[in-house]
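The sequence shown begins at -6 in my numbering and counts up one residue at a time.
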Amino acid sequence: MFLFCKGRNLQKNKLVKTLFNTEPVREIGSEHALLLEAGNDFCCYVYWHKADNKIDGLKYLSFDETETERRLLEIINELQNKRVGNAVVCAAFSQALLVPNKFFKQDYSMLDAVYSQAGQTYFHDAIPEWQLVNAYSVPAGFNQAVQSAFTSVQFLHAYTPTIKIYNGYIADNQLLVHFTTQHFRVLLKKDSAVHLAQTYAYKTPLDVVYYLLKVCYEFGMAQQNVYLILSGLIEKDSNLVTELQQYFINLHFANPPEISLSDDTYPHHFFTSLFNLAACVS
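Put into structure tokens, the structure is as follows:
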């Protein structure tokens, strides 16, 4: 595995940035589920009304990854007064491994060997339709805060809904690429199997191109035969898309599940991961 790590200057009291904020149009209550995705440098969440299949409020926050646990605890503390029916937490941390069913024995030693990170709580998602188990970890303090804040909590890893939920394309050799604030997740589906799930950091469009070309090379795929399916925080008219189009001719944006947003100001592909999460637990 290869992982690009970005160096940072340590500073105190960095700001939390609000990238998107749509206020709920009706009172949030027990008929709503809180769907929350958290990573090293971002947190986004929605209030999902399952009966209406509608999202009634949305917020997307970014922060410095040197303050991950502190910022996530602040966010959970603010949310705990919302009387939601249940909370579904999608862990978007990079500490995750896909393991074939037959080799998974609820032993996370391989995860520790790869990532060697202290203070973690371990989970796994069964993905029987692909004969896989997604083993992962989250910061222990974050898990404790979530469990204390809500009466009913379900954890999933961000790779799991991406694998399970149909993205609108049936082509083989798919590279599904989801962008957050400073990272992107890559999932490779080839020959009716999942071959790679990995998270990378990036600074420039060429960083993204480099890693995607390397994945194509490592797995013996010709660029012209790859379906590149993009989602997350990427604008259709951005420099990043322009750069990717020079290398990939089959470039598409994900078609998220049909879930209604109370505010359609933003492109739906921005929030594909949250829509997939709703579809995964519905």
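C-beta atoms are modelled at their ideal positions from N, C-alpha and C, and glycine is treated no differently.
If you reduce the DSSP assignment to three classes, tell me which class residue i lands in.
i	result
Gln167	strand
Thr258	coil
Lys47	strand
Leu12	strand
Val208	helix
Val18	coil
Lys98	coil
Val39	strand
Val126	strand
Name the two residues that bound the continuous beta strand (DSSP E) containing residue i.
i	result
Val187	186 to 194
Tyr240	Per DSSP, Tyr240 belongs to no beta strand (DSSP E) and is neither H nor E.
Tyr115	113 to 120
Leu8	Neither: Leu8 is in no beta strand (DSSP E) and is coded neither H nor E.
Glu30	25 to 31
Asn79	79 to 84
Ile69	Element bounds for Ile69: not the beta strand (DSSP E) but the alpha helix (DSSP H), 61 to 72.
Asp230	Per DSSP, Asp230 belongs to no beta strand (DSSP E) and is neither H nor E.
Gln147	146 to 150
Val92	89 to 93
Please classify residue i as buried or exposed, where buried requires at least 16 other C-beta atoms within 10 Å of its C-beta.
i	result
Pro121	exposed
Phe96	exposed
Leu3	Note that Leu3 scores a pLDDT of 39, beneath 50, so its modelled location is shaky and nothing firm can be said.
Val77	buried
Ser102	exposed
Ala186	exposed
Ile225	It should be pointed out that residue 225 corresponds to Gly in this sequence rather than to Ile. Buried, by the Cβ-count rule.
Thr11	exposed
Glu211	exposed
Asp230	exposed
Thr235	exposed
Glu71	exposed
Asp257	exposed
Is the beta carbon of residue i less than 8 Å from the beta carbon of residue j?
i	j	result
Leu180	Cys273	no
Phe177	Tyr159	no
Val81	Leu270	yes
Leu8	Cys36	no
Ala26	Ile69	no
Leu267	Leu28	yes
Excluding sequence positions up to five away, which residues of its chain have a Cβ less than 7 Å from the Cβ of residue i?
i	result
Cys209	Gln216, Val219
Ser259	Inspection of the sequence shows that residue 259 is occupied by Tyr rather than by Ser. Around Tyr259: Phe13.
Pro93	Gln124, Leu125
Asn33	Glu58, Thr61, Phe86
Ile242	Gln217
Asn248	Asn160, Gly161
Where does the unbroken alpha helix (DSSP H) through residue i begin, and where does it stop?
i	result
Gln137	133 to 142
Phe268	265 to 274
Ser282	Residue 282 lies beyond the range of the chain shown here (-6 to 275); nothing can be said about it.
Tyr159	It is not in any alpha helix (DSSP H) - Tyr159 carries neither H nor E in the DSSP assignment.
Lys182	Taken as a continuous stretch (DSSP letters only), Lys182 belongs to no alpha helix (DSSP H), being part of the beta strand (DSSP E) at 176 to 183.
Leaving out five residues on either side along the sequence, give the residues of the same chain with a beta carbon under 8 Å from the beta carbon of residue i.
i	result
Gln110	Gln88, Ser130
Gly50	Thr15, Glu16, Pro17, Val18, Ile21, Val39, Tyr40, Ser255
Ile252	Trp41, Asn46, Lys47, Ile48, Phe268, Ala271, Ala272
Gly0	Low per-residue confidence applies at Gly0: pLDDT is 39, beneath 50, and the placement is therefore not dependable enough to give any value.
Excluding the five sequence neighbours on either side, which residues of its own chain have a C-beta within less than 6 Å of the C-beta of residue i, listed in chain order?
i	result
Leu(-4)	Note that Leu(-4) scores 36 on pLDDT, short of 50, meaning its location in the model is unreliable and no value can be drawn from it.
Asn232	Pro198
Leu189	Leu181
Trp115	Reading off the sequence shown, one finds Tyr at residue 115, where the question assumed Trp. Around Tyr115: Tyr101, Ser130.
His245	Ile222
His262	Ser224, Phe246, Ala247
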